[in-house]
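The structure under discussion appears below in the form of structure tokens.
Number of protein chains: 4
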Amino acid sequence: MPSSIRKIINDPVYGFITIDSPLIYRIMSHPYYQRLRRIQQMAFAGLVYPGAVHTRLHHSLGAYHLMCSALNTLKSKGIEITADEETAAKIAILLHDSGHGPFSHALENILIPGVHHEKISLLIMKVLNEEMEGQLELAIQIFTNNYSKSFLYQLVSGQLDVDRMDYLTRDSFFTGVSEGVIGYDRIIKMLTVHNNQLVVEEKGIYSIEKFLVARRLMYWQVYLHKTVLCAEKMLVKIIERAKELVQKNRSLPSGSQIVDFFIASPSAGDGFHSYLDKFMQLDDYDVMTAIKNWQHHPDKILSILCHGLVERRLLKVMLQAAPFSAGMLEELKARISREKGIPPEDAHYLVIEGMSVNTTYDPAEERINILFKNGSVKDISQVDNALIHHNLSAPVKKFYICYINT
Amino acid sequence: MPSSIRKIINDPVYGFITIDSPLIYRIMSHPYYQRLRRIQQMAFAGLVYPGAVHTRLHHSLGAYHLMCSALNTLKSKGIEITADEETAAKIAILLHDSGHGPFSHALENILIPGVHHEKISLLIMKVLNEEMEGQLELAIQIFTNNYSKSFLYQLVSGQLDVDRMDYLTRDSFFTGVSEGVIGYDRIIKMLTVHNNQLVVEEKGIYSIEKFLVARRLMYWQVYLHKTVLCAEKMLVKIIERAKELVQKNRSLPSGSQIVDFFIASPSAGDGFHSYLDKFMQLDDYDVMTAIKNWQHHPDKILSILCHGLVERRLLKVMLQAAPFSAGMLEELKARISREKGIPPEDAHYLVIEGMSVNTTYDPAEERINILFKNGSVKDISQVDNALIHHNLSAPVKKFYICYINT
Amino acid sequence: MPSSIRKIINDPVYGFITIDSPLIYRIMSHPYYQRLRRIQQMAFAGLVYPGAVHTRLHHSLGAYHLMCSALNTLKSKGIEITADEETAAKIAILLHDSGHGPFSHALENILIPGVHHEKISLLIMKVLNEEMEGQLELAIQIFTNNYSKSFLYQLVSGQLDVDRMDYLTRDSFFTGVSEGVIGYDRIIKMLTVHNNQLVVEEKGIYSIEKFLVARRLMYWQVYLHKTVLCAEKMLVKIIERAKELVQKNRSLPSGSQIVDFFIASPSAGDGFHSYLDKFMQLDDYDVMTAIKNWQHHPDKILSILCHGLVERRLLKVMLQAAPFSAGMLEELKARISREKGIPPEDAHYLVIEGMSVNTTYDPAEERINILFKNGSVKDISQVDNALIHHNLSAPVKKFYICYINT
Amino acid sequence: MPSSIRKIINDPVYGFITIDSPLIYRIMSHPYYQRLRRIQQMAFAGLVYPGAVHTRLHHSLGAYHLMCSALNTLKSKGIEITADEETAAKIAILLHDSGHGPFSHALENILIPGVHHEKISLLIMKVLNEEMEGQLELAIQIFTNNYSKSFLYQLVSGQLDVDRMDYLTRDSFFTGVSEGVIGYDRIIKMLTVHNNQLVVEEKGIYSIEKFLVARRLMYWQVYLHKTVLCAEKMLVKIIERAKELVQKNRSLPSGSQIVDFFIASPSAGDGFHSYLDKFMQLDDYDVMTAIKNWQHHPDKILSILCHGLVERRLLKVMLQAAPFSAGMLEELKARISREKGIPPEDAHYLVIEGMSVNTTYDPAEERINILFKNGSVKDISQVDNALIHHNLSAPVKKFYICYINT
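And the structure:
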């Protein structure tokens, strides 16, 4: 892209997203970035909310757009940010999630145990940095919080980072859960920097409350929807079963060489960088094709789970506030093992326990700082008449069982 | 689903979609319908408009919703429609596009020559009709225009059918091309029936004009966008090449047994019904996985095209109002054949000609009838001071070449 | 309107509002209802939010629309509601606010002391009932909670009535405070009736939380915005001053005979019904014209206040969490009295104290009942992990002084 | 306002409008500008579209916002625009409509014959320029097209000026006629400057077509809606009757001294500048109060018309494509004169003829220039396959009669 040309991308959420840096355009054109087109942002949420099939690439573009907006706001308030810092912060957010694999959170630590997606994102930045003659140096410093202006790091990864603001906005948009909408534009206009930290101006308090309440709603209503959880658990069990079968030397062609490779590989751990290029070829299409092919595999468990996921005939789900009794679980497993004709030690594949947990706002972990007109700074949970109060800092747990209908 | 329970689906476009018929719910739950989750509505448009990754299932639900709305409007105007006819019309629209294969229009007639998607949709309805004890009989009559109340057929498949209204609305929504938005709710409120035909009340004229102008805009700006066309042409050439290689007995494992089957099969023609079950397993995931796998195939042409599509490094496109000269094309092919080291007879894989064509409104083919207060009926192109005039009935053609950069 | 004709009104908030009852159309056409066109819904909020100039008529139409929607939902859930009850509930909501005078809340009890707007609304219903041969009988019973199906009353005037749902939705729409948006459509879909009471289904909990948080935000950010409060206080002082001058026999032509009448009249009290017809001629235009005319009145105080309001040169406002000290207030009044040359006993016209108060949710006064799947019913503040907790039941007070800049 | 402080105004249409120039803030605070709060943008359109009660101040702010946006686009494309020119263009658009009187177009040339609102806008700029030490000099040059960079004038007042873009956008938003929506953001992104003229880039063609079609729709569906026209005609006749009565020395107190003054004044003409200050006190409130007061005037004609307008009991309207015959009109007047007991020479007050006219696009008067990639420039009506063609350049006329029901 010649340096003088601007590229404009239509976005149903924000209208238009503008790219005006050749370096950023080069990064966006890289196959490592384009791969994000083939990974859905919300994994199986589309099974419940049919509109929620947007991609990680789209989310990444959105977060980039909000970063542009936030940097403009801060500059207009007199915060000094150089052109290089701007570009670096934009690159950092653009690549912040590039390390996600297919069905991201669901498969994290399952397909490739012991490797967190942020570690991979950093690895990707380093590889691109080499390819692009060190031009990502500053972005890496910001991403790893090794740069002096910490507020730039906080915009990438903090309590009010543009990542969260975009995914809440975008996910509520595409699911059609309009109540999850946050006032991202107002929050951004209320951002400022105080003692090198990102803070929110006093008159933004209600917008922050609204943000936290919308987040709470999105978690319980969407991200932790029981049907979505169930599908994710089924996927996890499919991969576990596949790995088990491979270890038992069963033939298990998935149709994707990359899936074959990772199913057969031992834990990656520190040696992961040698797998990076392979990982960069892995996406939703490989995993879904594997599942489609495994529908016809002779292993009964694998075939049941794969069929169920493809045809959206999911396991049944029971959900409650208290843990299920061990006795009840054992009984259920015994019955299903008997009726389905599978060994008792495999019953856990078709009777899956799980717990979902969410915290509305934990001041011990999160810090959303409000800057008052008198210059003092308080956490959002400490302001007068706070909606966000101590009681909401405890994690709320919900217990569930997914089991096959007999 | 017990007959008394209503199911509500969130839709970012219309808010909520309601299902209150057990039969319709049963159809929606069928694997043949669920497969539409795995076929994107707009094929490669997502390469240009990143939000445009919505599925055929989503479009089908939307068209169903507009059908509900249109039937309610007509009933409120005193048009007699029985409960059975309502259900049947809803089923007909729900399944109208169920015969689409992966990358629909792009691959139609390519992967399985000689079988149009509407024929497959009808086949699907017949199969479901058998499975469901003849409950789709009336839907089939409506879909094939063999039912006395022709206006029901016109709602499914006419100039102002709910299919078009939904895809224009939905595609403009997800692409973010807000100018493509049509006033579907107003058009629906203006619909009525006159002499058993679907017509539009006089005061809906401007909404119809707007509908046609928005359609024109969507065609040129989105559906026929040169980058989208180029990606589609590359896909077509990939399938053609794969078929050629198979016929030459080259090994070409795609990773998907279904793709392997159709690549190797001869034209289907009338015997297609025996393939239906196989076809119902085919979706975007199979095709995309094939392309991903073929990136590493030793055939240079196949590998170039597959790499390009996966990494979004597309062929270059030239677009113009007049056809390209034969001489210029031959010269280009010769040069590329030489520089890329491929036989001249294969150059057409990397120098692809094409023509896109669109007609704003052709009164000879389309009939949008306006009902005037005095009881007369005129085609939209015949009303006084029409925006939609004779000149717009000629098809507009654009010619393009997609060729590899050397 | 012939009984078979439907009238459709465009509404930017809900799309289309449909009227299909001749009786309702007749009520809407009555001058008593049309008068609501000339009373702004949000009084002086337009001084801060320029879009907030929508009328009481528009709000009333919106509440009517939500009532239609709520009644349809309840009927679809098997709650028995007759056609007459439907029409009556719609009439009740249509007229619920018809008793509001100009600048509603600000002038309530000021211009006509001792008469609450709901009393006037009831009076209006009774007058119309006579004019329309008793056809409003049932509406009056519902409005006064004298009808057996109490849930109908609760839809008109309860914690989740369609009045509140519309004004929060509409006011946030027109102010552009998008964070005040509530999920009215989802809340309505979650409504049901249990033991003759309006309740919300369990899965609507988060929508209710969101509703209460949005309400809290709208109060502090919009309804109790200090500039809006200040303008309202100035208006109150203008009317008080005018009444005082009239009592001192000063000539004070307002330009509106109706304003002249009410300024000169003693407290109305129980005799108000004899003034009804006069009151039905009073609207924002009379009051604003009076203020515009009084700008040139020789009384310095009246002229200062009127000029300020017309030219949007408002008093200065100080706002704080604690009451202002009496000493500070006296000092301020003394100084202003001196500098402006007005008698000390009149200083209160230009140094106005006030307090704004709001409660997020008071379970003692409000009851938003949640119906659980197991059949139990709990107040929203009593459900597990409630966002809406005891601490939020205390009224929050803010104290302010509006005073003239010297 | 200290120069470093930014003011942000919520706008339901564009989100936030930002003011960051102390001079612009000072102009906005001036009573001449604040008066625009009391003049509705769409006069009587609210009688049909209840949401359409937004003010001229709101439109002016919106046009200012689009101007900011357009200037930023042009600068980003390398067009040189200095900071002073930017401020001046913003001021010019802010005040472009400041000369409008109450019920603007309807009363133009009626209340004060011979003075066009643009002349008054210029007068206002000159007065403010004096008050503000010559700081509006450049704005005046741009507004009067006396500045070298003509494209700045064209942004204020041309075929694609931000005035039109805002009013079409805003009016369709507030009426709820969503089909009138134009892609203002895309059009603005497509603007550029060629030979000192404002032009649109080639790829903006479809957006321009859409703009012209939306305008066409808004004219016929909203601005020239027969009920709106009827109310405006009634208002005109009220003012004419009032002037006639005054000339006959009838007492006619309106309640507004300003209305009294203009009703009694002879044509203003060139001496208008001496009336400016009086005119700056005139707004919708004065006129509406006059009408309300005149309802009770002994003159039957005046009272009938005023009553009708206040209570929305409008005259009946007949509308047709051809002129009404003189004979039919005379007969109607004669009958109404007889039945209503008014002299035949006054019948024209209750039988009002009129004609509405609109042209979709007249290339002779308008010039929307498209800049092609090859550097050529063509009018939108001259491009290939134009939707906007010669036939649409002829004005379309509709004839109507408003008459009292007897």
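Residue numbers (our numbering), protein chains in the order written: chain A, 1 to 406; chain B, 1001 to 1406; chain C, 2001 to 2406; chain D, 3001 to 3406.
We put the beta carbon where it would ideally sit given N, CA and C, even for glycine.
Please read all numbers here as calculations on a predicted model, not as lab measurements.
Pairwise C-alpha distance: B:ALA1290 and B:LYS1278: If you draw a straight line from the Cα of B:LYS1278 to the Cα of B:ALA1290, it comes to about 16 Å.
Name, in chain order, the residues that DSSP records as bridge partners for B:PHE1016. B:PHE1016 is bridged to B:ASN1010.
Figure out for me which residue from D:ARG3216, D:PRO3253, D:ASN3010 has the closest Cα to the Cα of D:ARG3164. D:ARG3216
For the alpha helix (DSSP H) holding B:MET1318, just list the boundary residues, first then last. That residue, B:MET1318, is in no alpha helix (DSSP H); its beta strand (DSSP E) goes 1316 to 1320.
For the segment 365 to 376 of chain A, which residues have a beta carbon sitting closer than 9 Å to at least one beta carbon of chain D? The residues in question: there are none.
What's the call for A:THR360, buried or exposed, on a 16-neighbour Cβ count within 10 Å? Here A:THR360 is buried: its Cβ has 16 or more other Cβ atoms, across all protein chains shown, within 10 Å.
Is the shortest distance between the beta-carbon of C:SER2029 and the beta-carbons of chain D less than 9 Å? yes
For B:ILE1006 and chain C, any beta-carbon pair shorter than 9 Å? Reading off the sequence, residue 1006 of chain B comes out as Arg, not Ile. Interface residue, yes.
Could you spell out the range, first to last residue, of the alpha helix (DSSP H) harbouring D:ASP3379? Here D:ASP3379 belongs to no alpha helix (DSSP H); instead the beta strand (DSSP E) covers 3377 to 3379.
Going along chain C, which residues have a C-beta under 7 Å from A:GLN221? TYR2206
So with Cβ pairs under 9 Å, would you call D:GLU3209 a contact of chain B? yes
Please tell me whether D:TYR3349 and D:LYS3237 are closer than 9 Å, where the distance is taken between their beta carbons. Cβ distance < 9 Å, so D:TYR3349 and D:LYS3237 count as in contact.
Tell me the DSSP secondary structure of D:LEU3387 in three-state form. coil
Do you know whose CA, among D:ILE3342, D:LEU3122, D:LYS3203, D:ASP3362, lies nearest D:ILE3187's CA? D:LYS3203
Residues of chain B with CB closer than 8 Å to the CB of D:HIS3389, please, in chain order. HIS1389, ASN1391
Taking 9 Å as the CB-CB limit, is D:PRO3002 close to chain C? Note that D:PRO3002 has pLDDT 45, beneath the 50 cutoff, so the model's placement of it is unreliable and the number below is only indicative. Chain C contact via Cβ: absent.
Interfacial residues, the segment 244 to 263 of chain A to chain C, with Cβ spacing under 9 Å: none
Can you grab the Cα-Cα spacing for the pair C:ILE2120 / C:LEU2276, in whole Å? The straight-line gap from Cα to Cα measures roughly 8 Å.
For the segment 2069 to 2115 of chain C, list the alpha helix (DSSP H) runs that are entirely contained and at least 4 residues long, ordered along the chain. 2083 to 2095, 2104 to 2107
is_contact[D:ILE3188, chain B] using C-beta, thresh 9 Å: no
DSSP bridge partner residues for D:HIS3194 (one or two, in chain order): D:GLN3197
Within chain B, partners of C:GLY2015 - CB distance below 8 Å: ASP1185
According to DSSP, is C:ASN2369 part of a helix, a strand, or is it coil? strand
By Cβ distance below 7 Å, which residues in the same chain neighbour A:ILE81 in space, the five residues on each side in sequence not counted? LEU71, LEU74, LYS75
Measure how close the beta-carbons of C:THR2055 and C:ARG2037 come, nearest whole angstrom, since I'm counting them as under 8 Å. 5 Å
For the segment 1294 to 1321 of chain B, which residues have a CB atom closer than 7 Å to at least one CB atom of chain A, in sequence order? GLU1311, ARG1312
Along the alpha helix (DSSP H) that carries C:MET2288, what are the first and last residues, could you check? 2284 to 2294
Exposed or buried, what is A:ASP84 when buried is set at 16 or more other beta-carbons lying within 10 Å of its beta-carbon? exposed
Given a cut-off of 9 Å, decide if A:HIS96 and A:ALA43 are closer than it, judged by their beta-carbon atoms. no
So, for D:MET3318: in the same chain, excluding its five sequence neighbours on each side, which residues have a beta-carbon less than 7 Å away from its beta-carbon? Excluding residues within five positions, the ones whose Cβ falls inside 7 Å are TYR3400, ILE3401.
Limits of the beta strand (DSSP E) - the one that D:PHE3399 falls within: 3396 to 3403
Would you say D:ALA3106 faces chain B, with C-beta separation under 9 Å as the test? Not one chain B Cβ lies under 9 Å of D:ALA3106.
Give every residue of the same chain whose Cβ lies closer than 8 Å to the Cβ of C:SER2254, excluding the five residues on either side of it in the sequence, and list them in chain order. ALA2242, ASP2260, ILE2263, ASP2286, THR2289, ALA2290, ASN2293, TRP2294
By alpha-carbon positions, which one of B:ASN1405, B:VAL1053, B:ASN1196 ends up nearest to B:PHE1151? Distances from the CA of B:PHE1151 to each of B:ASN1405, B:VAL1053, B:ASN1196 were compared; the closest alpha carbon is that of B:ASN1196.
Within the same chain, show all residues whose beta-carbon is closer than 6 Å to that of D:ILE3008, passing over the 5 residues directly before and after it, in chain order. PHE3016, THR3018
Mind checking the segment 2057 to 2079 of chain C against chain B and listing, in chain order, the residues whose C-beta falls within less than 9 Å of any C-beta there? SER2076, LYS2077, GLY2078
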